[in-house]
Every structure is written in C-alpha cells, then in structure tokens.
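Engineer: Chain order of the listed sequences is A, B and C. Sequential numbering from 1 applies to the first sequence in our numbering. Sequential numbering from 1 applies to the second sequence in our numbering. Sequential numbering from 1 applies to the third sequence in our numbering. Shown below is the structure under consideration.
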Amino acid sequence: MDITFQDVSYIYQPNSPFEFRALEDISFHIPSGSFVAVIGHTGSGKSTLIQHLNGLVRPTNGEVIVGSHSMKAGEKTKDLKDLREKVGVVFQYPEHQLFEENVEKDIGFGPLNFGVKEEEIKRRTREAIQAVQLPEELLDRSPFDLSGGQMRRVAIAGVLAMSPDVLVLDEPTAGLDPRGQREIMEMFHRLHKEKRLTTVLVTHSMEDALRYADHVIILNHGKKFMEGQPKEVFVNEKELREVQLDVPEVIQFLNKLEQRLGKKVPYHGQTITQLAKELAAVVKGREAHE
Amino acid sequence: MSSNMIIGQYVPGNSVIHHLDPRTKITIIFFFVLIVFFANSVMSYGLLTVFSLGSALSTRIPVKYLVKGLTPVWFLILFTFILHLFVTKEGTVLFSILTLDVYSGGLIQGLSLSLRFFLLILVTSLLTLTTTPIAITDAIEDMLGPLKKFRFPVHELALMMSISLRFIPTLMQETEKISKAQASRGVDFKTGPIKDRVKAIVPLLVPLFVSAFKRAEELAMAMEARGYQGGEGRSKLRKLQISRLDIYSFIVFGLVIFGLFLTRS
Amino acid sequence: MQHFIEFRNVSFRYREDHPWVLKNVSFHIGSNEWLAIIGHNGSGKSTIAKLMNGLLLPQTGEIFVDGMPVNENTIWDVRKTVGMVFQNPDNQFVGTTVRDDVAFGMENHGLPREVMLKRIEESLQAVGMSEYERHEPHRLSGGQKQRVAIASVLAVSPELIILDEATAMLDPRGRREIMETIREVQRKRSLSLITITHDLNEVTQADRVIVMNEGETWMEGVPRDIFAQKDALQDIGLDTPFVTKLAAELSGAGLAMQREPLNHQELLEDLWTLHSKM
Numbered sequence: 001m002d003i004t005f006q007d008v009s010y011i012y013q014p015n016s017p018f019e020f021r022a023l024e025d026i027s028f029h030i031p032s033g034s035f036v037a038v039i040g041h042t043g044s045g046k047s048t049l050i051q052h053l054n055g056l057v058r059p060t061n062g063e064v065i066v067g068s069h070s071m072k073a074g075e076k077t078k079d080l081k082d083l084r085e086k087v088g089v090v091f092q093y094p095e096h097q098l099f100e101e102n103v104e105k106d107i108g109f110g111p112l113n114f115g116v117k118e119e120e121i122k123r124r125t126r127e128a129i130q131a132v133q134l135p136e137e138l139l140d141r142s143p144f145d146l147s148g149g150q151m152r153r154v155a156i157a158g159v160l161a162m163s164p165d166v167l168v169l170d171e172p173t174a175g176l177d178p179r180g181q182r183e184i185m186e187m188f189h190r191l192h193k194e195k196r197l198t199t200v201l202v203t204h205s206m207e208d209a210l211r212y213a214d215h216v217i218i219l220n221h222g223k224k225f226m227e228g229q230p231k232e233v234f235v236n237e238k239e240l241r242e243v244q245l246d247v248p249e250v251i252q253f254l255n256k257l258e259q260r261l262g263k264k265v266p267y268h269g270q271t272i273t274q275l276a277k278e279l280a281a282v283v284k285g286r287e288a289h290e
Numbered sequence: 001m002s003s004n005m006i007i008g009q010y011v012p013g014n015s016v017i018h019h020l021d022p023r024t025k026i027t028i029i030f031f032f033v034l035i036v037f038f039a040n041s042v043m044s045y046g047l048l049t050v051f052s053l054g055s056a057l058s059t060r061i062p063v064k065y066l067v068k069g070l071t072p073v074w075f076l077i078l079f080t081f082i083l084h085l086f087v088t089k090e091g092t093v094l095f096s097i098l099t100l101d102v103y104s105g106g107l108i109q110g111l112s113l114s115l116r117f118f119l120l121i122l123v124t125s126l127l128t129l130t131t132t133p134i135a136i137t138d139a140i141e142d143m144l145g146p147l148k149k150f151r152f153p154v155h156e157l158a159l160m161m162s163i164s165l166r167f168i169p170t171l172m173q174e175t176e177k178i179s180k181a182q183a184s185r186g187v188d189f190k191t192g193p194i195k196d197r198v199k200a201i202v203p204l205l206v207p208l209f210v211s212a213f214k215r216a217e218e219l220a221m222a223m224e225a226r227g228y229q230g231g232e233g234r235s236k237l238r239k240l241q242i243s244r245l246d247i248y249s250f251i252v253f254g255l256v257i258f259g260l261f262l263t264r265s
Numbered sequence: 001m002q003h004f005i006e007f008r009n010v011s012f013r014y015r016e017d018h019p020w021v022l023k024n025v026s027f028h029i030g031s032n033e034w035l036a037i038i039g040h041n042g043s044g045k046s047t048i049a050k051l052m053n054g055l056l057l058p059q060t061g062e063i064f065v066d067g068m069p070v071n072e073n074t075i076w077d078v079r080k081t082v083g084m085v086f087q088n089p090d091n092q093f094v095g096t097t098v099r100d101d102v103a104f105g106m107e108n109h110g111l112p113r114e115v116m117l118k119r120i121e122e123s124l125q126a127v128g129m130s131e132y133e134r135h136e137p138h139r140l141s142g143g144q145k146q147r148v149a150i151a152s153v154l155a156v157s158p159e160l161i162i163l164d165e166a167t168a169m170l171d172p173r174g175r176r177e178i179m180e181t182i183r184e185v186q187r188k189r190s191l192s193l194i195t196i197t198h199d200l201n202e203v204t205q206a207d208r209v210i211v212m213n214e215g216e217t218w219m220e221g222v223p224r225d226i227f228a229q230k231d232a233l234q235d236i237g238l239d240t241p242f243v244t245k246l247a248a249e250l251s252g253a254g255l256a257m258q259r260e261p262l263n264h265q266e267l268l269e270d271l272w273t274l275h276s277k278m
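What follows is the structure in structure tokens.
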C-alpha cells in the first residue's frame, strides 16, 4: 500500500497551556513495497508520525493517505477497523501487550477482533509462529511462562497473524541482546521481501537503517530534516551531528580516514570485505590503478 | 476522567496558604469541619463564609477554575437545597409550586444546609489544591507518629502512599501505551454495546497488572540494593517546619472560632 | 593490586530443581579497576551483579567485598560499599522528585539531614543534574533518570559501582550521557567500576573484560586480547566491534597489522604508519 503524508501537522492539547507541536508540515511519499526507516532522537515526533498510519491519531492539519484510506483534519475516518487490519503495528516492547491464557489465543486475538473465521485463524496462528521461528509446542503455553525473547516473538506473531499489508515497527529490537537484535531484524527483512510488505521502521540504529532500509526519513523537532536513500543521507555527517544524530560507523570511519590520510574512499554500500580491499589499495598507494 | 474536576488536584502557587505547613492546614480544616455545624445565625454563617471565601481568594487560584472545578458538587448542593425546601414542613407557608407547599422553615433549612455543604467542600478542597500530595503524606506520617507505639505501621503506610504517588504518572503513560497497542489489534474501546466495551477492558487490565507486578518486584530489589530495611534507624530528608505563618494562621482561625460563638444565637 | 572483590568457586541456582545459573565462577577486581562483563542474555552476567551486594546468596563458594565475606550479617555494610544501577530507569526511581530519590539511600543508612543536603548537591553536580533537583521523574528522559540513579548511588559514597545493563533501554544520546558521566565520576573519585553490557564500544574502554557463557567465565583478559579472538567470540554468538572486523579483513587483504586496534584512532594510526612506509 502506498503511504502519503501531505502537509501533516499534529498538535497535542491545542489551545491549552500544554499545547505542543509534535509534527509540523510533514510531507513524503512511500511507494508500496518499500522499506523505510524513520530516524530522529527521542521527542522528534517519530512516535506521533507512526500513530497516524493506523489512525490512532488524526492529523491536526493536512492529510494522511494509506492505500485507499484517507485521514484529513476535522473529518471522521471511515473504515478505521479495516485500516487497522491492514496496518500492523509492532510497538516498542510489544511483549507488554500479551494477556491471553495461552500463546495460541494471544496470537489469534487480532484476527478474531477483525472477524476472521476460526479455521483461518488457526491456519494463520501456525503460520505466524513459524514466521517468528518459535516451535509450535509453545502454542499451548502461557505467554507469561516464556523468556523475554520468546515473549517478544509471540507479540510480533500476534501482529503478523492479522496479515497486514503495511508493517510498522517501533524500535522492535529495543532491550534485546545483539544476537536477538540481529535475528529479529533479519526476520523482518525476510518477511518484508516474502510477503511484499511495505515496512516502516522506527529506529535509533543507523546500522540497521543502512543495512535494511531503501529509504530514510530523518525528523528533527517535528519537522522533516532530510530524506533519501540511506547511502545518500548518511554521508552528511556534519549536518546530522548538528541535530545530535550519529551516522553509521563505517561512514564515520571513512570520514576520519579522509582527514587523517587525505584519501577519500567513497561509501557506496560495499561489504566490509570489499571495503578492506579498497582501503588496502589506497594505503599501498595503488588506488589510481583500481 | 474530567480534567475540570479539582478535587485532589494540586495547583502550584506562591500564596500564604501554599506555604503553610501541611499539618497546620490539616488541623485547621479538621476543626473547621467541626465548627461549621455550630453556625446557626446569619452572622455566624456570614463569618464562616467570609473566612472560607477569603482563604480561597488568597490562594490566587482563578475563581473561574474553582467554580468550574466544583461543577459536580454544585449539583449536589442544589439537590440538598431543593430536598429540604420541599420536605421540611415548619414555619409558615411562603408559597406553593403545583401542589407542594414551601414553608419558611424549609427555605432556611435548605439554605443553611447547602451553605454548610458548600463551605465544607470548598475548604477541604483548598488542602489538596495548595498542598502537594507528598506533603500531605508527610503530614499524615508525622501526625500518626504517636500510633507507632501501638505497632501501627505508620512509616510503611507513608512509604506506600509516596511510592503510589510516584508511580501514578508512569502507570497512566503505560495505560495509554497498552490501549493503543490493543486498539491496533482491533480492540474497540469507544463504540459498541456496553457488554463488548466491558470485555475490551480485559486486554488492557491484564497487561497493566502484569507490568505493575514486574515494576514492584524490580523496585523492591532496587530499594533493597540501596540499603532499605524498614523504618528502623532511618533518617529523613523531608522536614516539616512550623513557621511564623503557621502561628498567625492559628491565631486568625482562633479568632474565627471565638467570633463564631459570639455570633451564635 | 589489592583485590576489592573476589569470587571463589561460586555456583548459584535459583531453585534446587533448576539448572545452575553460575558454575564454579572465580575472578577478582582490584581497587580503581574498570571491569566489563559481557555475554548474551542468560549467560549469568546479571546474577553475578546481584551476588556482589547480597541480593542473592550463592549455594557454594565464597564472595568477598573489601575483605568482608558476603552473608546475611554483612549485607548492610556490603550494600554501603557496592552501589548498583539497574536496567530500567523507571523501576529504580523511588522518590517523588530528583532530590528525594538521591536522598533515599542516605535515609536508609540514617545519615543526618545536613550531610544529606550537602551530598545531594555534590552528587547531582557530579552527574550534571543540579538544575533538575526539584523535578518529578516523569518529566525526565531515560538518560536523565539513569544519571539520577548514578547520583543516588554516589551519595552513599560507595567504593564500587555496578552498572547492570544501565544503558540498554536508552537511545544513543542517553547512552552517551551515561558513559561520559560515569567516566568523569570514575576519574574524579577513586572508584572501582563493573559494567555489564552488550555495547562493544563500551567494552573496549574497560581495563579488563570477562566473557560469560552458559554460566561460566569463558574468557578473561584485556580488551585487546579478547577481541583478537574474533572467531571464538562469534562461535558463542557474540559480535566484535567494527574496527576489529575491519582490521581482520585488512590483514586478509594483505595489510599486516602490528596489533589488534581497538578504536578508530588506533586503526587510523596503523594505516597511516603503513601508508607512509609504502
């Protein structure tokens, strides 16, 4: 599903002493099937932005279009339920939403609310638990008996079972160890390709944005600060530092290299092995022949 | 919950009443609640009304805010008035509405009871309006101090209250977060028949309880790691101190009591 | 070096019918030393932290803190010596305001009020939170809450601070704040420091590293030696820093590295040296 923001602003508690502009004149377009990373430090408006995607909040100004659904300031959104079925949101620490007596029921909770037939729910539950790489034996267990990592996966399965077209991920790896983080991100990347999802990832990890996203939107104080392909955006180390954001370590390193050795090795998405070869050539003074 | 409701809300400020020791406020309010029932003449009611309104105005909390905040109470006051107006059958018949006679006694009874009611609510809400919940907790701990001799867990009670106060905003944020997560999974908290809406509470309450227990467990461990071992041998940072202002307040209130008994009929 | 903390053949399990979480663990930490403990979730890292200040007691083996054996009789003294900052910023904030929270530990130890007032000021200053003294916790960011947690620990003037994944729930900015704060604090006051972490760049700054795997001390040494074991670390599911990986690839591409570089600076120096020789 295509996603479009047109001059979207959002104000919390307007006309009160607590008035706060969370988003200001945001416009962008996400074509169906893309993997977009939304980046910005805490308080930059990321959470507010993604809550527009399934109608948890409505714009104060402007218009949000998700597929055939439109949300405009001051207008009631039609078919909110249909929108929520098509846009699955994995919130931060999603394991906090688990509540059913067993894993199977919890995974099936979303589909049940959206009126999916019992047989179909059963099928989807099994598919979802496989997708998150958990054994089917867990279906009968209480979600509260599982380890933290397993609970996270069950919660994610619960969103996948809605079989959404758009998957919104709000820092889905927060609090996991590096191995768990890698596994979860690889899993989302695989699902993104297999199911041809449109994926919106909110993250603090520039490395993840660089590795998985094909488009990056950078927010600062509720405004769009920068947008583009990761390798185009992240080369602007100076500008990003000004809004207190890091760039991926490889780019930091290449920029320092340029300062120290006076040699420019451009980043073009090379692997670390490729990069080492290019570097070796530069250090040996043979870059001209490459 | 309505944000207009002022009972239990603290409004920061810099007035004399804001600066009074919470124990002073609690004591004065306690006795005020008692003496209100002694008022029985126009003069005595007038005195108490002046005292209450004067106190309320001196807090510099906007009158509009106070009036609006007491909205649910206005209804009760009016109800009290009407009830007595029609039920009390003393004195002379003043006039009748439809078939109901209104007696002069009813009018007086209605007026005085609803005024009493109003004064009580106003003065007691001044406590919470001008005192932080934690200061009230400190005052309660201090005033219940003598009960420690009877093994009443005063310290534990106060600690429990202060930790609850500390976690209210955290749990509010959590409630919002979980209800958004469940709404994203198709739960409808806002429309539909009552039965469904009651059912929709379960996916909200269970995670809230689970998380509250987890928080409690972690908090207990953190407290232990920081050397908490009950009230014994503990010192306290928060200190309540009676100042000159408190003494003046007691004098003024003493004069009010004195005046009240002079003006009683 | 005098051993400030010593673990002697410590084993621990939560219940008798549960598997051992720690198996025969021995190590020590000196005064003023910074020790990093790494290992993935479930490797026993956090259990070590909780054993160090008597929140848990081992089934076998002995633990000494500053010469005291840790047991039921000494835990209150041990807890004065060992301060701990936990993972979740919210679930360790006891006070209704910043200053109340900093006071909490001191109140528990019965310090007089004048001392508390002085130390609140000092320790909030040490973590750069002085202007937030009267703030309520829900108006603070995660990083700020963790700085308050550090101040609360400092106020009791411990000799060892344990950060038990204290940066795990923070954004990169918060993480930086905490690490800068703690380095500053360690420099100014003579303190031992134990950081339990997944952040590899944090580990490279420690004096010594212990790698935990399945309840055992799997490797112990200075960061440079630890990260030289790149393949072995990957076998137990641990990552290595970018610089380590790049250095290994550079060796593969025919650049002979003199040492195991730990950070950008070192790698760049090495490359510069090589470059100027060519």
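Idealized CB from N, CA, C, for every residue including glycine. Because the structure is a prediction, the values reported are computed rather than measured.
Determine the burial state of K145/C: buried for a count of at least 16 other Cβ atoms within 10 Å of its Cβ, exposed for fewer.
Structural biologist: By the neighbour-count rule (16 or more Cβ atoms within 10 Å), K145/C is buried.
Engineer: Are there 16 or more other CB atoms within 10 angstroms of the CB of P230/A, so buried, or fewer, so exposed?
Structural biologist: The residue is buried, with at least 16 neighbouring Cβ atoms inside 10 Å.
Engineer: In angstroms with no decimal places, state the Cα-to-Cα distance between F5/A and E227/A.
Structural biologist: Looking at the two C-alpha atoms, the distance is approximately 13 Å.
Engineer: If we count the other Cβ atoms within 10 Å of its Cβ and call it buried at 16 or more, is G230/B buried or exposed?
Structural biologist: Exposed is the call here.
Engineer: Just the chain B side, please: which residues come within less than 8 Å of N53/C by C-beta, in chain order?
Structural biologist: A225, listed in chain order.
Engineer: Where are the alpha helix (DSSP H) runs, 4 residues long or more, that stay fully inside the stretch 25–85 of chain A, in chain order?
Structural biologist: Listed in chain order, the complete alpha helix (DSSP H) runs (minimum 4 residues) inside the stretch 25–85 of chain A are 46–53.
Engineer: Could you compute how far the alpha carbon of Q259/A sits from the alpha carbon of V235/A?
Structural biologist: Approximately 15 Å between the Cα atoms of the pair.
Engineer: In angstroms, rounded to a whole number, what distance separates the CA positions of K105/A and S142/A?
Structural biologist: Whole-angstrom Cα-Cα distance: 10 Å.
Engineer: Thinking just about the alpha-carbon of each residue, which of E183/A, I107/A and F188/A is nearest to the one in F126/A?
Structural biologist: For the record, residue 126/A in the displayed sequence is Arg; it is not Phe. Closest by alpha carbon: I107/A.
Engineer: Residues in its own chain within less than 6 Å of I65/A by CB, not counting five upstream and five downstream?
Structural biologist: Answer for I65/A: T4, listed in chain order.
Engineer: Taking the C-alpha atoms as reference points, what is the distance between F35/A and R211/A?
Structural biologist: Spanning the two alpha carbons is a distance of roughly 11 Å.
Engineer: List in chain order: all unbroken beta strand (DSSP E) runs of 3+ residues lying wholly within the stretch 81–154 of chain B.
Structural biologist: DSSP runs (the beta strand (DSSP E)) wholly in the stretch 81–154 of chain B: 93–97 and 100–103.
Engineer: Return the residues of the stretch 105–125 of chain C that lie within a Cβ-Cβ distance of less than 7 Å from chain B, sorted by chain order.
Structural biologist: Answer set for the stretch 105–125 of chain C: G105, E107, N108, H109, G110, L111, P112, R113 and M116.
Engineer: What first and last residue would you give for the beta strand (DSSP E) that runs through E216/C?
Structural biologist: From DSSP, the beta strand (DSSP E) with E216/C extends over E216 to G221.
Engineer: Quick one: grab the DSSP three-state call for T181/C.
Structural biologist: DSSP places T181/C in helix when its eight states are reduced to three.
Engineer: Three Cβ pairs or more, each shorter than 8 Å: is that satisfied between the stretch 234–245 of chain B and the stretch 18–30 of chain B?
Structural biologist: Cβ pair count under 8 Å is three or more, so yes.
Engineer: Grab me the residues of D177/A's own chain with a C-beta within less than 7 Å of its C-beta, minus the 5 sequence neighbours each way, in chain order.
Structural biologist: Around D177/A: no qualifying Cβ.
Engineer: What span of residues does the beta strand (DSSP E) with I61/B cover, start to end?
Structural biologist: I61/B -> no beta strand (DSSP E), and no H or E assigned at all.
Engineer: Report the rounded CA-to-CA distance for L98/B versus F117/B, giving the unit in angstroms.
Structural biologist: Looking at the two C-alpha atoms, the distance is approximately 28 Å.
Engineer: On a CA-only basis, which of L159/B, L115/B and T170/B is nearest Y45/B? Give me that one, please.
Structural biologist: Comparing Cα positions, the closest option is L115/B.
Engineer: I need the straight-line Cα distance from G33/A to K223/A, nearest angstrom please.
Structural biologist: Looking at the two C-alpha atoms, the distance is approximately 24 Å.
Engineer: Does the beta carbon of P169/B sit closer than 9 Å to a beta carbon anywhere in chain A?
Structural biologist: Chain A, which has no Cβ nearer than 9 Å to the Cβ of P169/B, makes this no.
Engineer: Rounded to whole angstroms, what's the CA-CA distance from G143/C to V127/C? Just pull it up for me.
Structural biologist: Whole-angstrom Cα-Cα distance: 11 Å.
Engineer: Quick one: give me the first and last residue of the alpha helix (DSSP H) that G110/A is part of.
Structural biologist: That run of the alpha helix (DSSP H) goes V103 to N113.
Engineer: With a floor of 3 residues, list each beta strand (DSSP E) that falls wholly inside the stretch 146–213 of chain B, ordered by position along the chain.
Structural biologist: Entirely contained in the stretch 146–213 of chain B, not one beta strand (DSSP E) run reaches 3 residues.
Engineer: Candidates R185/B, T27/B, M160/B and P169/B: which alpha carbon is nearest G110/A's?
Structural biologist: It is R185/B.
Engineer: Is it true that the stretch 145–164 of chain A meets the stretch 79–91 of chain A, where meeting means three or more beta-carbon pairs spaced less than 8 Å apart?
Structural biologist: Taking 8 Å as the limit for Cβ pairs, the verdict is that the stretch 79–91 of chain A does touch the stretch 145–164 of chain A.
Engineer: Give the C-beta separation of I5/C and F64/C to the nearest angstrom, bearing in mind that I take them to be a contact with Cβ-Cβ under 8 Å.
Structural biologist: With a Cβ gap of about 7 Å, I5/C and F64/C count as contacting.
Engineer: Please classify K117/A: is it buried, with 16 or more other beta-carbons within 10 angstroms of its beta-carbon, or exposed?
Structural biologist: So K117/A ends up on the exposed side.
Engineer: Assuming V154/A and L134/A form a contact by the criterion Cβ under 8 Å, report the distance between their Cβ atoms to the nearest whole angstrom.
Structural biologist: Confirmed, Cβ separation roughly 7 Å.
Engineer: If you measure from the beta carbon of M172/C to each beta carbon in chain A, is any gap under 9 Å?
Structural biologist: As written in the sequence, residue 172/C is Pro, which differs from the Met given in the question. P172/C counts as touching chain A.
Engineer: Please list, in chain order, all residues of the same chain as S26/C whose beta carbon is under 6 Å from its beta carbon, the five residues on each side excluded.
Structural biologist: Contacts found: F7, R8 and N9.
Engineer: Look at the alpha carbon of G13/B and the alpha carbon of L255/B, and state the distance between them as a whole number of angstroms.
Structural biologist: Near 26 Å, if we compare the C-alpha coordinates of L255/B and G13/B.
Engineer: Along chain A, which residues have their Cβ under 7 Å away from the Cβ of H198/C?
Structural biologist: Residues of chain A passing the Cβ test: D177 and P178.
Engineer: In terms of alpha-carbon separation, which member of E75/A, L261/A, E232/A and L138/A lies closest to R58/A?
Structural biologist: Of the candidates E75/A, L261/A, E232/A and L138/A, the one whose C-alpha sits nearest the C-alpha of R58/A is E75/A.
Engineer: Taking only the alpha-carbon atoms, compute the straight-line gap between P137/C and P72/B and give it to the nearest angstrom.
Structural biologist: Each residue's Cα considered, the two are about 32 Å apart.
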